[in-house]
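First residue of the sequence shown: 8, per our numbering; consecutive thereafter.
Where is the CB? At the ideal position from N, CA and C, for every residue including glycine.
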Amino acid sequence: MPRAGLSRAEVIRAGAALADEAGYANLAMAPLAERLGVRTPSLYKHVEGIADLQQEIAALAMTELADRVRDALQGRSGRDALDAFARAFCSYIADHPGRYTATLGRPTHGPEEDPLVKAGTRLLESTGAVLRDYDLPPEDTTHALRMLRSAFHGFATLSGADGFQWPEQTATALTWMIDFLDRGLRARS
């Protein structure tokens, strides 16, 4: 019998918190069970195993990231939207590094009804909205989408890993990068 009050959603949220705190690579069922105050076998009443838990954390993270980006973009366009996108994307990675890592290279379970696919599509739509104001040629859109994700993923993960030698200039460097990308996107339109 599952612990009273323990649900699949609670197990997933606790797993996501554990991934953020301990690192995604250290996510395991035993420490999750300890965190929740249950024996490890009890978790299998809520998730099929570590792969199921990882997939659900990825869907949760992508949903949260898509929501954060969407909310940041409200009423913004052009360089202002690019700035809002960058800061929302980077702040999510800083706030939830383990969850975000769960989204990388995750397989999907199927078409549109897969929560990971749905959230990823929403994030892609928001990113596309940022690019609409740049009036890029259609053949450049996919490249631009990948460039933005790569740039801000790289910036946020390096920053989170203390990969910059002068951390006091990190905020200035992000603004510089946003300005640089804005000029580059305008030049392509």
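Separation of residue j from residue i, as counted between CA atoms
i    : j    : result
L165 : A66  : 23 Å
M8   : S49  : In this predicted model, M8 has a pLDDT of only 42, less than 50, meaning its place in the structure is not dependable enough to derive any value.
L188 : E41  : 45 Å
E55  : R46  : 15 Å
Y141 : R153 : 15 Å
L131 : E17  : 27 Å
D121 : T115 : 7 Å
L143 : A194 : 9 Å
H160 : A88  : 17 Å
L138 : R190 : 13 Å
G12  : Y51  : 15 Å
G82  : A93  : 15 Å
A23  : A37  : 14 Å
A136 : M184 : 19 Å
S84  : I57  : 41 Å
S196 : I19  : 43 Å
R156 : L39  : 31 Å
Segment limits, alpha helix (DSSP H) that includes residue i
i    : result
W183 : 177–195
Q62  : 57–80
E146 : 145–167
R42  : 36–43
K125 : 122–139
D102 : 85–102
G22  : 15–29
L50  : 47–50
Nearest-angstrom beta carbon gap, residue j and residue i [assumed within contact, 8 Å]
i    : j    : result
A26  : G105 : 3 Å
A109 : Q61  : 6 Å
A68  : A163 : The pair is not a contact, with the Cβ atoms about 13 Å apart (cut-off 8 Å).
C97  : L181 : 7 Å
R113 : H53  : So it is not a contact: roughly 20 Å between Cβ atoms.
E63  : Y99  : Not a contact, Cβ separation roughly 18 Å.
Assigned exposure category for residue i - 16 Cβ within 10 Å defines buried
i    : result
L34  : buried
R75  : buried
E31  : In the sequence under discussion, the amino acid at residue 31 is Tyr, which differs from the Glu named in the question. Its Cβ being crowded by 16 or more others within 10 Å, Y31 is buried.
D78  : exposed
E175 : exposed
P178 : With the sequence shown as reference, residue 178 is identified as Ala, and Pro is not the correct amino acid for it. Result: exposed.
H269 : Limits of the chain in this structure are 8 at one end and 196 at the other, which puts residue 269 out of reach.
D90  : buried
S133 : buried
L111 : exposed
A95  : buried
A73  : buried
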